[in-house]
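Here is the structure we will look at.
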Amino acid sequence: APSTIAAYRRMLEVVYPMIGGIRLNKLRPMALENMLSELRKRKHHGKRINESTAQRYLSVVSAVLSDAKRNEIIEKNPARMLDLPTPQRTVQRIPTRGEVEKLLDALAKEPRHYRLFYLLSMYTGCRRGELCALQWSDFTGTQNGLLLTVSRSRSSVPGKGIVEGSTKNGKSREVYLSSDLRGILLAYKRRKQMEADKQRRKLSPYLFTDEQGQLIHPDTFTKRLRKIYETIGFPREYHLHTLRHYFVTSLLHCGVDKQTVADLVGHADTGFLERTYCHPQQAQKEQAADSMLTMLRPDGGQIFNLAACSPKRHSA
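Just so it is clear: in the sequence shown, position 55 is 51 by this note's numbering, and no numbers are missing.
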């Protein structure tokens, strides 16, 4: 994606002063270790960057070195020889059922384009850029609802503005929407058509536009949701991507098979899906405890009668 390429370029601009003066065939693991040490000292918003961020810089350098190896410029990739510490994984919290109901109540008071945007985010698991790129032509009527084809993404790229391209994995995918969602979407389209008619202009091909038919900046949806979260007292670590996590985790907990969920969100690797998105909630943990108790004592009795157990006395 254009935003990903721009991020790679920014990272390479940071590491180039550290290792760019070394000839490729002279680059050793020690130089990359020193590079990581310097990166770990860097700060973002006043705090030192975490280990996973530092290793992300190394991953980009490693990709360049792997290309050099394929082209027989170097014999080995020195980035693959480092003994790296395991980054601390951030635990992603997922909204509870009560919190989701609270969020839906708050969204009911929001303007229509925000309401539909966040609803589709929860209902389809689409990324922010994919939602921003949705057009009316992406929806096809079915017997019981709608078929949504996700094939594009709009993202903000520094120095280039908003760029539209393919999805993150470069592939399109299909998501089915229920009849309820179909009714909400059609009502939204009628409202947008009324706005266009009133201003004597054509209806924009895109879903998410302002009252004048202009495309809304992707960052606007992120900032607006943070304000909504703050208003209803949600944790600070909740963000727009949290709704995508909620979509995946909920489907997996409901028993939808991993490959189907991976296809719906545009991931080919089900292992990555589980590592990144599947977060057990308190209800599932309590259910697991009850299930284990049932396995141990199917009759529902006590495992041990600890009150009846008296310690034995040992003679000298």
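Glycine included, each C-beta is placed from N, C-alpha and C at the ideal position.
Distance between residue j and residue i (C-alpha atoms, nearest Å)
i: N165; j: H263; result: 8 Å
i: Y202; j: L182; result: 14 Å
i: L20; j: I70; result: 7 Å
i: K254; j: V244; result: 9 Å
i: V96; j: V153; result: 32 Å
i: S133; j: Q189; result: 15 Å
i: D337; j: I224; result: A query on residue 337 cannot be resolved here, the shown segment of the chain reaching from -3 to 312 and no further.
i: D206; j: Q195; result: 13 Å
i: L302; j: P294; result: Since pLDDT at L302 reaches only 47, below the 50 mark, its modelled position is unreliable, and the value read off the structure follows with that caveat. Near 19 Å, if we compare the C-alpha coordinates of P294 and L302.
i: M77; j: I18; result: 18 Å
i: E126; j: R38; result: 32 Å
i: L199; j: E191; result: 8 Å
i: E68; j: R186; result: 60 Å
i: Q84; j: R232; result: 19 Å
i: E34; j: R222; result: 33 Å
i: K65; j: N140; result: 53 Å
i: M14; j: H40; result: 19 Å
i: K98; j: S62; result: 49 Å
i: V60; j: R36; result: 21 Å
i: G42; j: G157; result: 27 Å
i: G94; j: K167; result: 35 Å
i: S246; j: F135; result: 24 Å
i: Q88; j: G155; result: 31 Å
Status (buried if at least 16 other CB within 10 Å, exposed otherwise) for residue i
i: D79; result: exposed
i: H241; result: buried
i: A312; result: Any reading at A312 must be qualified, since the residue scores a pLDDT of 48, below 50, and its modelled position is unreliable; the value itself is stated next. By the 10 Å Cβ count, A312 comes out exposed.
i: P107; result: exposed
i: V252; result: exposed
i: I1; result: exposed
i: R44; result: exposed
i: C128; result: buried
i: S174; result: exposed
Pick from the options that is closest to residue i, judged by C-alpha positions
i: N46; options: P13, A27, K72, T82; result: T82
i: R169; options: A3, R148, Q208; result: R148
i: K22; options: A2, A59, N73; result: N73
i: Y12; options: R93, G155, V56; result: V56
i: S162; options: E191, R66, L130; result: L130
i: Y234; options: K198, E34, T49, I90; result: I90
i: D176; options: P25, G137, T216; result: G137
i: R92; options: L239, P25, E68; result: The identity of residue 92 in the sequence shown is Thr, whereas the question assumes Arg. Closest by alpha carbon: L239.
i: M31; options: K39, R44, G16, G42; result: G16
i: T218; options: N67, L236, S246; result: L236
i: T49; options: P214, P25, A3; result: A3
i: L28; options: G42, E160, S58; result: S58
i: I359; options: R66, T256, R222, R150; result: Residue 359 falls outside the range modelled here, since the chain spans only -3 to 312, and no answer is possible.
i: L124; options: Q139, D215, A64, G94; result: This sequence places Arg at residue 124; Leu is not what is there. Cα-wise, what sits closest to R124 is D215.
i: F204; options: G157, G94, L116; result: L116
i: A75; options: P25, G94, Q88, R36; result: P25
Presumed contact (8 Å Cβ cut-off) between residue i and residue j, rounded CB distance
i: V171; j: L260; result: 6 Å
i: G209; j: R197; result: 6 Å
i: P(-2); j: V159; result: 4 Å
Taking 8 Å as the threshold, find out whether the segment 120 to 127 comes into contact with the segment 137 to 152 through three or more Cβ pairs. yes
Take every Cβ of the segment 170 to 187, pair it with every Cβ of the segment 106 to 115, and state whether three or more of those distances are shorter than 8 Å. yes
How do the segment 101 to 109 and the segment 224 to 242 stand: do at least 3 beta-carbon pairs fall below 8 Å, yes or no? yes
Does the structure place the segment 3 to 10 close enough to the segment 49 to 66 that three or more beta carbon pairs sit under 8 Å? yes
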